[in-house]
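Chains as they are written, first to last, in the numbering used here: chain A, 602 to 963; chain B, 602 to 963.
Even for Gly, the Cβ is constructed at its ideal location relative to N, Cα and C.
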């Protein structure tokens, strides 16, 4: 298939290019390299990254509608995989400028993607990366897409309600609403992936990802593994009872492929929860420490993330990918050892000054 | 009280300045005059407008954070009335540029308002204008704020779900989510007003409002009254069975005052549905024609507004303002005659070319 990957140079974009290319798909990538800009200003550089990405042909932001529409018009993709968003909750809460930047890139960029599709390739399938974090921690099962409700004796079907914990999460919620509207009213088709917290250093097709471990761009398990290798305490926010959804980056590849090979109908907006396991942060930190040969310490920090709920019910569903045949790479000693081994190879480059959280929601 | 009115020169901003000023409040207004810019480009000029607005001191957009924050810092408002948004559904659906402009002004502008409050006046009360249109046409009662739901034997309380019918409506939905988050996590306080379709030519304090009758900025009853006076058919979209919420512009003044005099707690986000009556568009058009002495015709046009629902259940609640003592100005022959009289005075200026809808959602 003809695939356009927006955000093709990132942690997920690069291995997706490699994965789909090896399977015979035609790939065109674009990226504005904005994360790379902010790495230098804020977050710290990745511990390692791929040598280069031959799939990235175009360098501009999705907020640049004319370039975006020109690209859609000339390439005429059948599938658009949209990773081109600011990816960090702490970044979005740092101050007005970063909050604005996140909302602008994500909401206005995705709005442009919808208009560019409508004008140039209304039959294309938009696969959009969202996050399980958009749901917050509701007291009911987290469904995939819609919820049937009853109120005062009458029934309705609503988009599953979400409750963002940062302006980053909110930007993704807004995107989902805009995409659902474009499907409903314009007849576009889209799969919205609510992805769990992704981890991993490599895939079977890409031997080195762009790997962050800092407070801003590092995801939690990647951070824990780096911390244990560096010999510093693992930083658990709050009591660590927060349950979160996780998946190996190899499963991201397969999920995106499954969505692509099983497209929605024209006019259909569908939501898949894209994760394979649930852990509490405390359990995850303890697992990392127990598997790492030299062991390590776990430190409980005041939770900087606003009103994040640290205990209670958490039951997200992920039947849709299971039904499409996903065979998960569950977190194992082998997977953790693969991560330790790679991080140890770059151990001398770890900058401890970017590990502790500095951005507080309050 | 010290009141800051964002969007102080508009159809609602100007009479709100007059109304609150006459009641002894201190008023500071700002407006970027963007609607005036687009009037000339797109929508047609208002049939009449106030001579000037002595309450508007500052001219910039809410997307200009530094000026906005400076204003909040120097004025230190107790109440912020936020009307400063692009107000038109058709405008937002015209093309990418107008859609982008709407989303940028509204979502990023309101995000800036929240940051400016947090930095300069976190105790101030934000009164934000939304619209009943954000709800779409759900099959259940439309509550004010939250909804208690039950799913698979468990209970939760969610923000009342909304389903926008245009990017304009979506921009207001996004605003509401961002404001709710700022209240929940930062402890700001806000009243979100979901206003029905407002109509009227004057208030008791302002003898001439900025009155639009074109497809883009004119609200439906103002348009119907202008059409009947002009002797052209009243343009009902679709079959006209769509039920909508309405209120007289005098009631907008009183509702905003009631919200202001009864502020929420710190950290509280609350929603009031701000309307007084429900009509179907067909019934409303027939009422206008029946009250106008010379009568008139009603024309049913293909509905340009996407999937707008034209029949069925519609039961929005408006108890909160009733409980605060609102005494509505219900639509009457007297109110309609006041409108006819004023429009007739400016009849020769009616530009018939801006009346028919040109923007189609599809």
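- Sorting 844/B, 764/B, 657/B by C-alpha distance to the C-alpha of residue 735/B places 764/B at the top.
- With the criterion set as a beta carbon lying under 7 Å from some beta carbon of chain A, the members of the region 745 to 767 of chain B are 748, 750, 752, 753, 755, 756, 757, 759, 760, 762, 765, in sequence order.
- One finds 765, 771 in chain B with Cβ atoms closer than 7 Å to the Cβ of residue 782/A, taken in chain order.
- As the crow flies, the alpha-carbon of residue 711/B is around 26 Å from that of residue 918/B.
- Bounds of any alpha helix (DSSP H) do not take in residue 870/A; it lies within the beta strand (DSSP E) bounded by 870 to 875.
- Within the region 621 to 650 of chain A, the complete beta strand (DSSP E) segments at least 3 residues long are 627 to 631, listed from N- to C-terminus.
- Contiguous alpha helix (DSSP H) elements confined to the region 723 to 804 of chain A occur at 768 to 787, taking only those with 4 or more residues.
- A direct Cα-Cα distance of roughly 7 Å separates residue 805/B from residue 851/B.
- For residue 955/A, no beta strand (DSSP E) run applies, since DSSP gives it neither H nor E.
- With a 10 Å radius around the Cβ and a threshold of 16 neighbouring Cβ atoms, residue 912/A comes out exposed.
- DSSP places residue 700/A within a helical segment (H, G or I) once states are collapsed to three.
- In terms of Cβ geometry, residue 849/B and residue 877/B form a close pair [threshold 9 Å].
- By the 16-neighbour rule on beta-carbons within 10 angstroms, residue 900/B is exposed.
- DSSP, reduced to helix, strand and coil, places residue 612/B outside both helices and strands of the structure shown, so it counts as coil.
- Short of 8 Å from the beta carbon of residue 863/B, and not among the five residues preceding or following it, lie these beta carbons of its own chain, in chain order: 925.
- Around the beta carbon of residue 954/A, a 10 Å sphere encloses fewer than 16 other beta carbons of the protein chains shown; the residue is thus reported as exposed.
- Residue 843/A and residue 656/B have their alpha carbons spaced roughly 50 Å apart.
- Sequence-distant partners of residue 856/A (beyond 5 residues in either direction) whose C-beta falls short of 6 Å from its own C-beta, in its chain, are 875, 922.
- For residue 785/A, the chain B residues whose C-beta falls within less than 7 Å of its own C-beta are 908, listed in chain order.
- Contact annotation for residue 701/A against chain B: 664, 666, 709, 712, 713, 716 [CB-CB distance below 9 Å, chain order].
- Residue 607/A has a beta carbon lying at 9 Å or more from every beta carbon in chain B.
- Residue range 710 to 721 is occupied by the alpha helix (DSSP H) that includes residue 711/A, with no beta strand (DSSP E) assigned at that position.
- Its Cα nearest to that of residue 649/B, the residue 808/B stands out among 725/B, 740/B, 808/B.
- For residue 691/A, no Cβ of chain B is located within less than 9 Å of the residue's own Cβ.
- At a cut-off of 9 Å, the C-beta of residue 958/A has no neighbouring C-beta in chain B.
- Per the coordinates, the alpha-carbon of residue 684/A lies some 42 Å from the alpha-carbon of residue 813/B.
- Nearest in C-alpha terms to residue 622/B, of all of 705/B, 858/B, 801/B, 671/B, is 858/B.
- Within the region 863 to 882 of chain A, no residue places its CB atom closer than 9 Å to a CB of chain B.
- Neighbours of residue 739/B across chain A, judged by C-beta separation under 7 Å: 757.
- The criterion of a C-beta distance shorter than 9 Å is not satisfied by residue 905/A and residue 815/A.
- If only uninterrupted beta strand (DSSP E) runs of at least 3 residues are considered, those enclosed by the region 831 to 902 of chain A are 835 to 838, 844 to 849, 870 to 875, 878 to 881, 899 to 902.
- Between the C-alpha atoms of residue 702/B and residue 708/A there is a straight-line separation of about 12 Å.
- Residue 937/A sits in a helix when the DSSP states are folded into three classes.
- In this structure, 825/A is the residue among 825/A, 914/A, 935/A, 783/A with its C-alpha nearest to the C-alpha of residue 887/A.
- By the neighbour-count criterion, in which 16 or more other beta carbons inside 10 Å mark a residue as buried, residue 632/A falls on the buried side.
- Beta-carbon to beta-carbon, residue 789/A and residue 727/A are separated by about 7 Å, close enough to satisfy the 8 Å threshold.
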